[in-house]
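Whatever position you read off the sequence shown (first residue = 1), add 6 for the numbering used here.
Following: one structure in structure tokens, then a few remarks.
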Amino acid sequence: MAYKFKFFAQPVISNIRTFCEAALVEFTIGLICAVFAYASYGVFIHLFVACVVISIACFCLSIYNLYSLFYYS
7 MAYKFKFFAQ PVISNIRTFC EAALVEFTIG LICAVFAYAS YGVFIHLFVA
57 CVVISIACFC LSIYNLYSLF YYS
């Protein structure tokens, strides 16, 4: 029985339905990127800048989702 390895990225199938779930996922991704930015602060400036940008975007999106949850409910 041979197993086929896929060496390229597979699409992510997401079934996020509510603002609360989306905010939690985005906050978690932002938190992970913030930890990477903190760890790479003095070592890799390119990784630090990229992680800070992604983390700020994720935190802003999670705040917007929570705002939409309370505003539209």
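Glycine included, C-beta positions come from ideal geometry on N, C-alpha and C.
No experiment lies behind these values; they were computed from the predicted model shown.
_Using only the alpha-carbon positions, how far apart do residue 67 and residue 26 sit?_
11 Å
*Taking the Cβ atom as the reference point for each residue, do residue 53 and residue 61 lie within a distance shorter than 8 Å?*
no
*asked:* If you follow the alpha helix (DSSP H) that residue 24 is in, where does it begin and where does it stop?
replied: Careful: residue 24 lies outside any alpha helix (DSSP H) and carries neither H nor E.
*Check whether the Cβ atoms of residue 40 and residue 71 lie closer than 8 Å to each other.*
no
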